[in-house]
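Position 95 of the sequence shown, counting from 1, maps to 97 under this note's numbering, and the rest follow consecutively.
To start, the structure itself, in structure tokens.
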Amino acid sequence: MSDLTTPSPDDEGVARTARLRTDVSHSARIWNYWLGGKDHYPVDEEVGDQILSFVPALPRSAVADRQFLARAVRHLAGERGIRQFLDIGTGLPTADNTHEVAQRVAPDARIVYVDNDPLVLTHAHALLTSAKEGATDYIEADVHDPEAILAGAARTLDLTQPVAITMLGILNFVLDTDEAAAIVRRLLDAVPAGSYLVVSHPTTEVDGEAMKTAVEYWNSQGSAAMTLRSRADLVRLFEGVELLEPGIVSCSRWRPDTPDAEIVEVTHFGGVGRKR
3 MSDLTTPSPD
13 DEGVARTARL
23 RTDVSHSARI
33 WNYWLGGKDH
43 YPVDEEVGDQ
53 ILSFVPALPR
63 SAVADRQFLA
73 RAVRHLAGER
83 GIRQFLDIGT
93 GLPTADNTHE
103 VAQRVAPDAR
113 IVYVDNDPLV
123 LTHAHALLTS
133 AKEGATDYIE
143 ADVHDPEAIL
153 AGAARTLDLT
163 QPVAITMLGI
173 LNFVLDTDEA
183 AAIVRRLLDA
193 VPAGSYLVVS
203 HPTTEVDGEA
213 MKTAVEYWNS
223 QGSAAMTLRS
233 RADLVRLFEG
243 VELLEPGIVS
253 CSRWRPDTPD
263 AEIVEVTHFG
273 GVGRKR
């Protein structure tokens, strides 16, 4: 009889570390570099700097994207009463992670993080710790496999109750728009009316030609290929949900905390929708 044992978190961390690729850039680590973090490798800095030569304002987009997430989660936890969050495409932990924002408002909030980068998951286990009244969990899964995501999320979340599904900077790695829309629909089909969808996505709406050049360069590096979408493409991702005001806009313009005169358009657009 074989000796089947459940790996400990330490064993899983060692296994994840063994799968790290330090010779190929990764979007989460480049994002971390642009945000001023330290969890990246020389290859991420090299590729990140080259991309900035095409679109120097991208760090501003990175900051605006994080701020959009914080405002959306705070609104959903505070004004909409959401207590469950499924964060797909977590990225490396930084300030104001989903559980921190949600549990400041509602300490009993439950959050499941999903990513497929071993470095992200290793840091998540170490840093994304819940308030004692709530819970956090971490799933290693790919956005292309919504069934695995839902199965893992159901260990921590009650999918018969409203869930906010956050997908920031992740659907751009699903190259076909029909497939991206189908993934979103499958996820929304698994949660009840009153659930929410939060999406941000790099677009052609701001600095379009420079962004296309940057993505062409990115896709030539051997990293996971990505695509840009227009605002009209993003509308398709919200089919079947009711968009909250102000709709799909530059992330910096979604219910901002700053005066309009101080807001600068960024390349990432975002929106929040409610499942009817």
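All C-beta atoms, glycine included, are put in the ideal place defined by N, C-alpha and C.
Predicted model, so just to flag it, every value in this text is computed and none were measured.
Exercise. Along the chain, where does the beta strand (DSSP E) that runs through I90 open and close?
Worked result: In the DSSP assignment, I90 falls within the unbroken beta strand (DSSP E) covering Q86 to I90.
Exercise. At what residues does the alpha helix (DSSP H) containing K214 begin and finish?
Worked result: Following the DSSP letters along the chain, one finds K214 inside the alpha helix (DSSP H) bounded by residues G210 to N221.
For this session: Only counting runs of 4 or more residues, tell me where the alpha helix (DSSP H) segments fall wholly within the stretch 31–102, in order along the chain.
Result: 44–56 and 60–80
Exercise. L245 lies in the alpha helix (DSSP H); which residues open and close that run?
Worked result: Premise fails: L245 lies in the beta strand (DSSP E), V243 to L245, not in any alpha helix (DSSP H).
Exercise. Rounded to a whole number of angstroms, what is the C-alpha to C-alpha distance between V176 and A59?
Worked result: 24 angstroms
Exercise. Does the beta carbon of A59 sit closer than 7 angstroms to a beta carbon anywhere in chain C?
Worked result: No chain C appears in the structure shown, which is made up of a single protein chain.
Exercise. Is it right to say E244 is buried, meaning 16 or more other beta carbons lie within 10 angstroms of its own, or is it exposed?
Worked result: exposed
For this session: Could you pull the start and end residues of the beta strand (DSSP E) that R231 belongs to?
Result: The continuous stretches of beta strand (DSSP E) do not include R231, and DSSP gives it neither H nor E.
Problem set entry | Burial state of A156, where buried means 16 or more other Cβ atoms lie within 10 Å | A156 is exposed by the Cβ-count criterion.
Exercise. Does the beta-carbon distance from D117 to T92 come in below 7 angstroms?
Worked result: yes
For this session: Would you grab the beta carbon distance between E241 and A195 for me? Rounded to a whole angstrom, and I think it's under 8 angstroms.
Result: Between A195 and E241 the Cβ distance is about 15 angstroms, and since that is not below 8 angstroms, they are no contact.
For this session: Locate the beta strand (DSSP E) running through L177, then write down its first and last residues.
Result: No beta strand (DSSP E) holds L177; DSSP gives it neither H nor E.
Exercise. Based on the DSSP secondary-structure assignment, which residues constitute the bridge partners of S202?
Worked result: DSSP lists L170 and G272 as the bridge partner or partners of S202.
Exercise. Got a sec? Which residues, its chain only, sit under 7 angstroms from A104 by beta carbon, not counting five neighbours each side?
Worked result: V75, A79, F87, A111 and I113
Problem set entry | Rounded straight-line distance, which links the Cα of L189 to that of T19 | Note on T19: pLDDT 43, under 50, position unreliable in the model; the coordinate value appears next. C-alpha separation (whole angstroms): 29 angstroms.
Problem set entry | Simplified DSSP assignment, three categories, for T124 | helix
Exercise. What residue from Q163, Q223 and D209 has the CA that sits closest to Y198's CA?
Worked result: Q163
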